[in-house]
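Novice:
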Amino acid sequence: VAPNEWVFNDPIFILLNVAIGGNFGGAPDPALQMPQSMLVDYVRVYQGPDTAERFETAFVDNFEGWQLVELPFTGLARSAEQPAGAPDDGLTLTDVWGYSIAIPADGAGTALLDQVRVKPVPPPTEIMVTTTADAGPGSLREALALIAPSGTIDFDPALAGQTIALTSAQLVIDRAVTIDGSTAPGLTVSGSNAVRVLQVNGGVAAAINDLTVADGAGAPQGGGILNFGELTLVRVTVRDNSESSTGAAAFDLGGGGIYNGDGAVLNLTDSLVLNNRTLGQPGGGLYGFFNSTLNISGSTISGNVAGDVAGGLRLLGNATIVNSTISGNVSTAWHGGAMFLTDGVVSILNSTIADNSAPAGTAGGIFLGTFTAAPVTLTLQNSILANNSDVNCFQGFFGAGAVTLTSLGNNLSTDGSCAPIGTDLIAADPGLAALADNGGPTLTHALLPGSPAIDAANSAACPAVDQRGVSRDATCDIGAFEYLP
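The opening position of the sequence shown corresponds to residue 18 in the working numbering, with each subsequent residue numbered one higher.
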């Protein structure tokens with residue numbers, strides 16, 4: 018071919034089923050006259066190694082039909098970055114490495130690509146978080162955006178005891194995922210007292226274990242966590258969060274630590290909800306809205322303060338509470354230092370509800386009432402209700418709905434306000450030690466020697482272990498703690 022001439026005589030030339038090889042690198046002369054167009058179909062081009070024409074590129078399949086590529090290319094060169102263990106260069110049907118491509122802004126000419134197929138890279142099923150940064154490579158926020166549905170996010174052990182401080186926005190879980198903090202003990206995800214820490218979207222099943230959620234500032238619902246899906250927390254501490262809504266109290270706002278929304282499910286296992294608050298709304302620790310489900314096992318809710326009712330829990334949905342402690346919570350406005358229950362069915366078994374408070378003349382323990390035609394039901398068994406001001410239980414008939422408080426027996430109360438039956442005990446001194454770390458993942462009230470709760474439960478109904486995970490005796494004890502002499 019003479020200089021400045023194209024290899025083909027005609028302005029349009031079609032290549033089909035052709036193999037080209039044994040050529041060397043080089044750049045076309047700027048004076049070379051290209052044809053108007055060229056169709057390349059089922060063509061294989063072979064080149065020797067280490068030539069300038071080898072390249073890497075990405076294809077975006079964003080429409081049907083032909084894809085237009087501008088020519089000429091000014092650079093087709095090897096890249097300095099290659100995968101670990103890869104050969105010097107490579108181009109196969111499944112792998113491309115060692116190449117880069119540059120396209121000039123003023124490129125001229127056209128080419129048609131046919132039979133190009135791009136196989137998408139599936140999202141990773143496991144991602145390790147390697148930084149405490151709010152966002153960017155290696156961050157928890159990036160991991161939540163990249164993880165495959167039903168994948169697992171874990172943490173670099175070097176992050177143990179550190180804090181991921183969020184400042185830009187809350188984290189959002191929009192697909193099924195497990196966040197496993199066990200590889201970095203003591204790791205905290207903090208809202209920096211500026212943003213809510215976490216939201217779980219509706220229809221999403223998420224699990225979090227061995228992590229602390231702290232210093233969230235969400236509003237108008239959920240200072241630390243806002244859940245609309247199915248959220249399971251195992252060995253998680255939710256502490257020092259604040260729901261900051263101001264103005265008049267509203268029945269649908271609140272939840273200093275956690276807000277469990279309409280239709281949501283929250284499973285709280287071996288976890289702590291500590292020292293959360295609302296400024297002017299109910300549910301200092303936790304709020305369960307209409308149609309929600311709450312399952313609490315082996316957990317402690319303590320030190321939470323509500324600017325309205327329900328220092329510990331405000332429930333309009335259904336709840337099951339087993340082997341758990343609700344202690345030292347405060348309602349500043351009205352009833353329900355420990356719990357304020359309406360419009361649902363709640364069952365409490367082998368739990369300890371003690372030292373909660375509310376204003377004088379109201380129930381520092383449990384308020385059970387209705388303001389509408391919806392019924393509310395509470396059953397108590399093998400549980401301690403002690404030293405709550407002014408009374409342990411109060412039934413409020415403020416609506417047409419039925420209010421049903423039923424003892425299934427073997428409860429220990431410091432007063433007679435919780436509908437006692439023949440097997441219940443009423444004692445001025447329940448023999449409880451202060452809330453403390455008595456072993457296990459949470460805090461408990463230990464039974465003191467001589468406590469009337471010892472060996473006084475219905476053993477047929479007792480869980481096999483107590484809140485700490487300690488095996489119960491054949492004649493088990495009332496409350497969340499099993500006394501072992």
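Glycine residues also receive a C-beta, built at the ideal position from the N, C-alpha and C atoms.
Taking DSSP as the reference, what is the three-state secondary structure of Ala-236?
Specialist: In this structure, Ala-236 counts as coil in the three-state DSSP scheme.
Novice: Would Ile-438 be called buried (16 or more neighbouring beta carbons within 10 Å of its own) or exposed?
Specialist: Flag for Ile-438 reads exposed.
Novice: Can you tell me whether Thr-369 is buried or exposed, with buried defined as 16 or more other CB within 10 angstroms of its CB?
Specialist: Buried, because 16 or more other Cβ atoms sit within 10 Å of the Cβ of Thr-369.
Novice: Once DSSP output is grouped into helix, strand and coil, what is the label at Ala-513?
Specialist: Nothing can be reported for residue 513, as the shown portion of the chain is limited to 18 through 502.
Novice: To which residues of the same chain is Leu-397 closer than 7 Å at the C-beta, ignoring the five residues directly before and after it?
Specialist: Once the five neighbours on either side are set aside, the close Cβ partners of Leu-397 are Ile-365, Ser-424, Leu-425, Asn-428, Cys-435.
Novice: Go through its chain and collect everything with a Cβ distance to Asn-308's Cβ below 8 Å, but skip five positions before and after it.
Specialist: Excluding sequence neighbours, Asn-308 sits near Asp-279, Gly-280, Gly-334.
Novice: For Ala-267, which of helix, strand or coil comes out of DSSP?
Specialist: Reduced to three states, the DSSP call for Ala-267 is coil.
Novice: With which residues is Gln-187 paired in a DSSP beta bridge?
Specialist: Looking at the DSSP assignment, Gln-187 forms no beta bridge with any residue, so it has no partner.
Novice: Label Glu-143 either buried or exposed according to how many other C-beta atoms from any shown protein chain fall within 10 Å of its C-beta, with 16 as the threshold for buried.
Specialist: Exposed, by the Cβ-count rule.
Novice: Buried or exposed for Asp-112, please, with buried defined as at least 16 other CB atoms from any protein chain shown within 10 angstroms of its CB.
Specialist: The pLDDT assigned to Asp-112 is 49, lower than 50, so where the model puts this residue is not dependable, and the model offers no usable value.
Novice: Which whole-angstrom value describes the C-beta separation of Gly-320 and Leu-311, a residue pair presumed to lie in contact below a C-beta threshold of 8 Å?
Specialist: Not really, about 19 Å apart at Cβ, beyond 8 Å.
Novice: For Gly-448, which residues in the same chain have their Cβ closer than 7 Å to its Cβ, ignoring the five residues on either side in sequence?
Specialist: If we look at Gly-448 and ignore the five residues flanking it on each side, its Cβ neighbours are Leu-464, Leu-465, Gly-467, Ser-468, Pro-469, Ala-470.
Novice: Just reading off the beta strand (DSSP E) that Cys-410 is part of, what are its end residues?
Specialist: Note, Cys-410: beta strand (DSSP E), 410-414.
Novice: Could you tell me the alpha carbon to alpha carbon distance between Asp-269 and Phe-414, rounded to whole angstroms?
Specialist: C-alpha separation (whole angstroms): 21 Å.
Novice: By how many angstroms is the C-alpha of Arg-485 removed from the C-alpha of Gly-456?
Specialist: So the alpha carbons of these two residues sit roughly 6 Å apart.
Novice: Does DSSP put Leu-176 in a helix, a strand or coil?
Specialist: Correct three-state label for Leu-176: helix.
Novice: Determine the direct distance from the alpha carbon of Pro-139 to that of Pro-100, and round the result to whole angstroms.
Specialist: Only weak support exists for where Pro-100 lies, its pLDDT of 46 falling under 50; the coordinates are left without a value.
Novice: Compare the beta carbon distance of Leu-385 and Gly-361 with 8 Å and say whether it is the shorter of the two.
Specialist: No, the Cβ-Cβ distance between Leu-385 and Gly-361 is not below 8 Å.
Novice: Can you confirm whether the segment 239-250 touches the segment 168-184 when touching is taken to mean that 3 or more C-beta pairs between the two stretches lie within less than 8 Å?
Specialist: No, they do not touch.
Novice: Which same chain residues end up closer than 6 Å to Asp-524 when comparing Cβ atoms and leaving out the 5 residues on each side of it in sequence?
Specialist: The structure shown has nothing for residue 524, since the chain only spans 18 to 502.
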